[in-house]
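Chemist:
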Amino acid sequence: MVKLSRGSLLKTEPNIKELILRICEHAVIEDINDSTLFVKTEYIEDIKVQVYKIIANATKQLENEK
């Protein structure tokens, strides 16, 4: 039986992919390999915003520690 899903292929670095899996698990249709996810298209912008926020916060924390 064939299953058809509409989505978008998201290629990224493995560490960012793991972050996406943790924060947006509901948006992931399939984890393809270590750097590629198949996600629901309607969540692409949400994923981008959340990842950028987390990276920005981590960067600020690292800068404050110096």
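Residue numbers for the sequence shown follow numbering that gives the first Met the number 0, beginning at 0 and rising by one. All C-beta atoms, glycine included, are put in the ideal place defined by N, C-alpha and C.
1) Please list the terminal residues of the continuous alpha helix (DSSP H) segment that includes Thr58.
2) Taking the alpha-carbon of Lys52 as reference, which of Lys39, Leu8, Met0, Ile22 has the nearest alpha-carbon?
3) So what does Asp130 bridge to, in DSSP terms?
4) Is it the case that the Cβ atoms of Leu9 and Ile19 are separated by a distance below 9 angstroms?
5) Roughly how many whole angstroms lie between the Cα atoms of Glu29 and Gly6?
Modeler: With the given structure in hand:
1) Here residue 58 corresponds to residue number 59 of the sequence shown, with the count starting at 1. From DSSP, the alpha helix (DSSP H) with Thr58 extends over 43-64.
2) Here residue 52 refers to the residue found at position 53 of the sequence shown. Measuring from the Cα of Lys52, the nearest candidate turns out to be Ile22.
3) This structure cannot speak to residue 130, because the chain is shown only from 0 to 65.
4) Here the question's residue 9 lines up with position 10 in the sequence shown. Here the question's residue 19 lines up with position 20 in the sequence shown. Against a cut-off of 9 angstroms, the Cβ pair of Ile19 and Leu9 comes out as a contact.
5) Within the sequence shown, numbered from 1, the residue matching residue 29 stands at position 30. Within the sequence shown, numbered from 1, the residue matching residue 6 stands at position 7. When rounded, the distance between both Cα atoms is 10 angstroms.
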